[in-house]
Amino acid sequence: MRLILLICLTMLAFAANSLLTRAGVVAGADPMQFAVLRVVAGAVTLCGLVALRGRHSVGGFQLFAAQRVFGALALVTYLIGFSLAYRVLDAGLGALILFGVVQMGLFGYALVRRQPVSVFRWSGMWLAMVGLAWFVWPVPAAVDEGVVRVDLWGAVLMAVAGLAWAAYTVNGQGARDPLGASAGNFAWAAVGMLPVLVLVPSGAMPLIGALSAISSGAIASGLGYALWFKVLPQIHTTTAGIAQLSVPVIALVLGAVLLGEVPNVRAMLAASVVIAGIGVAMIPSRARA
170 MRLILLICLT
180 MLAFAANSLL
190 TRAGVVAGAD
200 PMQFAVLRVV
210 AGAVTLCGLV
220 ALRGRHSVGG
230 FQLFAAQRVF
240 GALALVTYLI
250 GFSLAYRVLD
260 AGLGALILFG
270 VVQMGLFGYA
280 LVRRQPVSVF
290 RWSGMWLAMV
300 GLAWFVWPVP
310 AAVDEGVVRV
320 DLWGAVLMAV
330 AGLAWAAYTV
340 NGQGARDPLG
350 ASAGNFAWAA
360 VGMLPVLVLV
370 PSGAMPLIGA
380 LSAISSGAIA
390 SGLGYALWFK
400 VLPQIHTTTA
410 GIAQLSVPVI
420 ALVLGAVLLG
430 EVPNVRAMLA
440 ASVVIAGIGV
450 AMIPSRARA
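This is how it looks when you write it as structure tokens:
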């Protein structure tokens, strides 16, 4: 039950990132400035927590471990694609594309590593992917006047972010010190993102955009990702992918409540199929328990 609770808290943090990023960009924040402020806020929070824990040496942040460089590159790629995509995608739709691609990436990794994948996980994965495809598949207006139109460029950017997040998830599976590993990833990512400010227009960020970026970076990203690194060593790679498919559903519901992005009936039915897929994929875990 403790592991399930930690996973649920992590999924809520992931959904909060979609909502906060969408809210900040819609409020007028430049996506790249948002991404930089988000990663800097996360780095400051995590490094501060590591220092307060008593590990004041540079080694406490694991800055020079090979995994930190790879983790930082994956994190930067994810942040850029994620922030740019939310200029044109609703919170729920963006999360559906993101974690659908994450699911495929993690399953692909499991197959390459020849990790065992049960028939229930396969069935659940395909059912959830059917739900995702149903949601994003274009439908003529004459058939469904309320259908959500998917921006192709935004979908591509979010797919790139999804592949990067899958790589970041795999990188975190071997983390012995989740907080220190996350602090190192964010520290390098913050350094790597600062030059991006030269490429974006200068100007003040709206207050709501700045608050959203700081909240996303310090709480939903920084603490949420550290919690995810704590969970990952205890679950299977494919289970990690399936669990994250709950995030789009959470984001869809909260986006309707908090951002006014009300989904149509088709979107709700597709989200239900995704939930059903997650349930099927989790059957073996419940049986073993």
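Numbering-wise (the numbering used here), the sequence shown opens with residue 170 and increments by one.
Every residue gets a Cβ at the ideal spot worked out from N, C-alpha and C, and that includes glycine.
Measure the Cβ-Cβ separation of residue i and residue j and say whether it is below 8 Å.
i	j	result
F203	G193	yes
G429	A198	no
G419	L181	The residue asked about is misnamed: residue 419 is Ile in this sequence, not Gly. Closer than 8 Å, so yes.
P417	L265	yes
Q236	Q413	no
R290	I411	yes
R207	G386	yes
L296	V449	yes
M201	G446	no
L215	G393	no
A336	A279	no
A241	N354	yes
W303	A439	yes
Alpha helix (DSSP H) containing residue i: first to last residue?
i	result
E273	Residue identity differs from the one stated: residue 273 is Met in this sequence, not Glu. Per DSSP, M273 belongs to the alpha helix (DSSP H) from 260–281.
M180	171–195
P347	347–362
R435	434–450
P200	200–221
A324	321–341
A389	First-last for A389: undefined, no H or E at that position.
V403	Reading off the sequence shown, one finds Gln at residue 403, where the question assumed Val. Counting along the chain, Q403 falls outside any alpha helix (DSSP H), and DSSP gives it neither H nor E.
R116	Only positions 170 to 458 of the chain appear in this structure, which leaves residue 116 out of reach.
State the CB to CB distance for the pair residue i and residue j, rounded to an integer number of angstroms; the pair is presumed to be in contact (CB under 8 Å).
i	j	result
G263	A254	6 Å
V443	L301	6 Å
L248	T338	Contact doesn't hold; Cβ gap of about 15 Å is too wide.
T246	V329	7 Å
L189	G424	Incorrect: roughly 11 Å between the Cβ atoms, too far for contact.
L366	V205	6 Å
A196	P375	5 Å
W334	L421	At roughly 18 Å, the Cβ-Cβ gap does not stay under 8 Å, so W334 and L421 are not in contact.
M298	G250	Not a contact, Cβ separation roughly 20 Å.
A382	A185	Not really, about 13 Å apart at Cβ, beyond 8 Å.
For this session: Could you tell me whether the region 393–409 touches the region 346–355, using the rule of 3 or more Cβ pairs below 8 Å?
Result: Between the region 393–409 and the region 346–355, the count of Cβ pairs shorter than 8 Å is three or higher; the stretches touch.
Exercise. Is there contact between the region 355–369 and the region 277–285, where contact requires at least three CB pairs shorter than 8 Å?
Worked result: Counting Cβ pairs under 8 Å, fewer than three are found: no touch.
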